[in-house]
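Quick notes on the structure that follows.
Number of protein chains: 2
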Amino acid sequence: MDLHILDHRLRVTSISKNGLVHFTHPLIKLIFLRNRTRCKFFSLTETPENYTAVLDEEGFKELQPSEHLKVEGSIWLPLNVVSNGNASSSSQAVGVTKIAKSVIAPLAQQHVSVFMLSTYQTDFILVRESDLSVVISTLEEEFSIFKEVGGESIPVHSQDVSNGLQKNGREAIQPTVHPVLIPQNQFCVMSLDPATLPSIATTLIDVLFYSNSPKEEDGSPSSQGIKFFSFSLIDGYISLVMDTEAQTRFPADLLFTSSSGELWRMVRIGGQPLGFDECGIVAQISQPLAESDISAYYISTFSFDHALVPEEDIASVVDMLQDQRKEPATS
Amino acid sequence: MDLHILDHRLRVTSISKNGLVHFTHPLIKLIFLRNRTRCKFFSLTETPENYTAVLDEEGFKELQPSEHLKVEGSIWLPLNVVSNGNASSSSQAVGVTKIAKSVIAPLAQQHVSVFMLSTYQTDFILVRESDLSVVISTLEEEFSIFKEVGGESIPVHSQDVSNGLQKNGREAIQPTVHPVLIPQNQFCVMSLDPATLPSIATTLIDVLFYSNSPKEEDGSPSSQGIKFFSFSLIDGYISLVMDTEAQTRFPADLLFTSSSGELWRMVRIGGQPLGFDECGIVAQISQPLAESDISAYYISTFSFDHALVPEEDIASVVDMLQDQRKEPATS
């Protein structure tokens, strides 16, 4: 398997709900007007708490400093696992499950924080630029590692990077087991031909920027659902994650999903905002999913993490999470 | 002929060029998301100086006070001349020319300020609410006057309104003759089925909100042209005024104009911003146009007035304006 360190230097930011009006101008540019910006990596996710924007330095330049904008201090680099045809895994699972044992678990053991961003097309594993040497030395046994520079893939090895030492040799500590929330709504993970993005512009703008102002005829929020909507435009590929209620607002013939009618349920991880320094959060949920071979998308946001599992597996995932939450008390 | 006082109470505002980013959120709502607003009268015109927004009270509520927003202090009411089938005029001219003698000239004589807003569909004559009694007593000889209230047209007479006296009996003073500018670009006045507005959303957003940020590949402004773009959505009807350069950016099959290839040239009136209190500016240009039976659209903005005359008539209009500018010196 190959691991690519992509040629994007990313910032992770959050925009407050009230502050969105001040960022509508740059965000619409980043979403719809590709020939006005050099930004190549853009992701915007609405959660009940805020909007998380992950974007490269060209995109970040568009956001003016504001009391409504929080910026995580680090530069993050996206990693991407590319199956080079001779993958030995017999797993049919997709998403973060596929990389749980090979990437997520080893990085957690080395106390490297990861910020996950699953899309329709692939799963991006964001790591801090300052952790890169640890990442490379940790993963080079399992992977051929390449750094993408200006469209070319250049092999890298731990001796190439300034500090090849392990980040720390601490004993594995018992990780915090975070509370989880299982909202009732069903989600779909979709894509769209970028050429047809203009056709859904007004709907997408309405959903992203005006969904908090009640419509004249319909002010009632869906019961027991969670507000969650994610749009990303990365290297020209569009990915959308939305619940089935939002999906009804889009024309059915333009958005497509990998298999018809595939629906996902959400596990939101964290009772309090998780921050960016704790390690092993993704590992904690992806490892048991991998053991059960259950597919999962995983989307980190500024405050919480979100796993999406197939609807038919949600009962067993809930059981698994309950077991996990009992164990610390009994051990 | 009938004159209708429409059921809209309007504000005339300007947004600074630098301030537009702060108003993108409400303006996009007013243009594209009709079911999120009760605004029924909305017009936005970009000029080199600023953006002029004319909108009813529901629309005005969407604009947050800001150092970038100037608001003319009055409530303005739109008047509309409706031909009731037995019009005696033999004129083929359209636009403000048609109402120059019957409306514009008498109001100027009574020192009533007007703010004109020609659209693809009709010409709105905006007058201050405080001038309404003068307007009615001035125009009721020529017109049957109706006030639209909740969808019904109610006849009004000068004795119905609180103050039927003429505004003032001052002698006609020699009006200021303002300098004019004749830009080189050609304009078209177009419309669009509101159902197809979403299809041009990204292009319209780009032109309206991002035309000042140079594109990567093309940062050169057109030579000798003036930046002028007007969009209005009034009672469900869309009107667009743009130059032929902007027109090339829109799909040719969605925008329509009254006769194919009809092009207009602009006369911008005013060397310094005109303000709102001077009377007779529209009359000064529309009367000679009426005498020559030359059609004209007329669009007032916060700083300047703009007449659009047919391309084939621009030479005679220029001659006419030069004569007008010589007369005060020789009289």
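Sequences listed follow chains F and C, in order.
Per UniProt numbering, the first sequence starts with residue 1, numbered consecutively.
Per UniProt numbering, the second sequence starts with residue 1, numbered consecutively.
The beta carbon of each residue, even a glycine, is placed where N, CA and C say it ideally should be.
Small disclaimer: the values here were computed from a predicted structure and weren't measured.
Residue i burial status per 10 Å Cβ neighbour count (16 or more: buried)
i	result
F:Phe304	buried
C:Leu139	buried
C:Pro110	As written in the sequence, residue 110 of chain C is Gln, which differs from the Pro given in the question. Looking at its Cβ environment, which holds 16 or more other Cβ atoms inside 10 Å, C:Gln110 is buried.
F:Ser66	exposed
F:Thr244	exposed
C:Arg325	exposed
F:Phe256	exposed
Sequence-distant residues of the same chain with beta carbon closer than 7 Å to residue i, five excluded per side
i	result
C:Arg249	Thr203, Val207
C:Glu217	At C:Glu217 the pLDDT is 40, less than 50, meaning the model places this residue with poor confidence and gives no usable figure here.
F:Cys279	Ala108, His111, Val112, Ser113
C:Pro175	Gly280, Gln284
F:Lys227	Glu46, Thr47, Pro48
C:Ala296	Gly95, Val96, Thr97, Ser286, Leu289, Ala307, Leu308, Val309
F:Ser83	Met1
Residues near residue i in its chain [Cβ-Cβ closer than 8 Å; skip 5 each side]
i	result
C:Phe146	Asp2, Leu3, His4, Ile5, Ser153, Ile154, Pro155, Val156
C:Ser158	Ser133, Ile136, Ser137, Glu140, Gly164
F:Asp293	Ser91, Gln92, Ala93, Thr97
C:Thr37	Lys29, Leu30, Glu58, Gly59, Glu62
C:Leu263	Gln186, Phe187, Cys188, Thr244, Pro310, Glu311
C:Ser316	Ser292, Ile294
F:Leu79	Leu3, His4, Ile5, Leu6, Val103, Phe124, Ile125, Leu126, Val127, Val135
Pairwise C-alpha distance: residue j and residue i
i	j	result
C:Phe23	F:Val21	8 Å
C:Ala201	F:Pro198	7 Å
F:Ser130	F:Val94	29 Å
C:Asn18	C:His68	8 Å
C:Val177	C:Gly59	35 Å
F:Leu63	C:Val103	50 Å
F:Lys29	C:Leu27	15 Å
C:Gln272	C:Phe302	12 Å
F:Ile15	F:Gly275	15 Å
C:Thr97	C:His25	37 Å
C:Arg128	C:Asp7	14 Å
F:Arg34	F:Ile125	24 Å
F:Asp56	F:Thr119	16 Å
C:Phe41	C:Asp123	13 Å
F:Phe209	C:Glu46	24 Å
F:Ser144	F:Cys39	28 Å
C:Asp323	C:Val71	36 Å
C:Glu148	C:Ser286	27 Å
F:Val180	F:Val267	6 Å
C:Asp81	C:Ile99	Looking at the sequence itself, residue 81 of chain C is Val, so the reference to Asp does not match. Each residue's alpha carbon lies about 8 Å from the other.
C:Phe229	F:Asn50	35 Å
F:Ile314	F:Ile269	15 Å
F:Ala105	F:Ala290	11 Å
Own chain partners of residue i with C-beta closer than 6 Å, once the 5 adjacent residues on each side are dropped
i	result
C:Leu240	Met190, Phe231
C:Gln224	Gln184
F:Pro288	Met320
F:Glu142	Ser102
Three-way DSSP call (helix, strand, coil) for residue i in this model
i	result
F:Phe32	helix
C:Val318	helix
C:Lys101	helix
C:Thr196	helix
C:Gly59	helix
C:Phe143	coil
C:Asp243	strand
C:His25	helix
F:Ser137	helix
F:Gln284	helix
C:Glu72	coil
F:Phe304	coil
C:Pro179	coil
C:Val112	coil
F:Phe41	strand
C:Ile5	strand
C:Ala290	helix
F:Ile226	coil
C:Thr330	Only weak support is given to the placement of C:Thr330: the predicted model assigns it a pLDDT of 45, under 50, and the value that follows is read from those uncertain coordinates. Correct three-state label for C:Thr330: helix.
C:Ala53	strand
Exercise. Just by C-beta distance, which residues in the segment 174 to 203 of chain F are closer than 8 Å to chain C?
Worked result: Leu197, Pro198, Ser199, Ala201, Thr202, Thr203
Problem set entry | Against chain C: residues of the segment 26 to 44 of chain F by CB proximity under 9 Å | Pro26, Ile28, Lys29, Phe32, Leu33, Asn35, Arg36, Thr37, Arg38
Problem set entry | Interface residues of the segment 247 to 258 of chain F facing chain C [CB-CB below 9 Å] | none
For this session: Mind checking the segment 2 to 17 of chain F against chain C and listing, in chain order, the residues whose C-beta falls within less than 9 Å of any C-beta there?
Result: none
For this session: Could you run through the segment 93 to 120 of chain F and flag, in chain order, every residue whose CB is less than 9 Å away from some CB of chain C?
Result: none
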